[in-house]
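Note that numbering that gives the first Met the number 0 gives residue 55 to position 56 of the sequence shown, counting from 1, and the numbers run on in steps of one. Quick reminder that beta carbons are idealized off the backbone N, C-alpha and C, glycines included. What follows is one structure encoded as structure tokens, with my remarks underneath.
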Amino acid sequence: MKAYMPDPVELLINYVYYQHRGEIHYKRQQYDSSFLYYNLAYPFAVKSGHVTNKTAALFYLSSNALKLGKLDLAKKYADENLKASEERGAKIGKINALLNLSDYYHETGNNGKAYDYLQKAVALKDSLLLEANVNQINTLAAIYETDKKQKQIFQLQTEKYVQSAAIRENLF
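Encoded structure:
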């Protein structure tokens, strides 16, 4: 297999290449290789300025570090992910960071703190789902109202046509 040469201009292509490689190894439970590829992906995510890519790379770096027993690194990446997510309002990134921190504290035996972070993640996820549901309800309500108005317009146009036909018939 030919070695990949990062493109000096196309940051996202480089990020996606390393991210996909890392994800494949993660799914195969080859955490050392996954950790390596996410370490290669992370600088491209930072340079590209895409917070989603940055938080995803940090999530997997922290997850891999936990799986490999590198607890200090796991905490470092989870804290960095939490900070980046909060600064940019990346709710999914924040949920993932909170879950990583919960796993970290569970691994270190601090189950009380692990539970606190897990509760924060669940609460944020619930609020995100609620927000999505409210948006969906509002969209459906708007569609319903639009359909209702279109039917009223059609009915009024039909009545107008019938009335004008009756007037024409009475004139002739």
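Contact between Leu10 and Phe58 does not hold, since their C-beta atoms are separated by about 19 Å, which reaches or exceeds 8 Å. Asp31 counts as exposed, since fewer than 16 other beta carbons sit within 10 angstroms of its beta carbon. In terms of Cα proximity to Ser101, the closest of Ser61, Glu85, Glu130 is Ser61. Judged by pairs of C-beta atoms under 8 Å, the region 81-97 touches the region 39-55, as three or more such pairs exist.
Boundaries of the alpha helix (DSSP H) harbouring Lys53: 50-66, taken from the DSSP string. For the pair Tyr116 and Leu139, the CB atoms are not nearer than the 8 Å cut-off. Put simply, the backbone Cα of Gln162 is about 16 Å away from that of Gln151. Taking the C-beta atoms as reference points, Leu123 is found nearer than 8 Å to Lys93.
Bounds of any alpha helix (DSSP H) do not take in Thr107, whose DSSP letter is neither H nor E. DSSP, read as helix, strand or coil, puts Lys69 in coil.
Take the alpha-carbon of His105 and the one of Tyr3: they are about 38 Å apart. Ala165 sits exposed, since fewer than 16 C-beta atoms from the chains shown fall within 10 Å of its C-beta. Going by C-alpha positions, Lys147 is about 10 Å away from Ala141.
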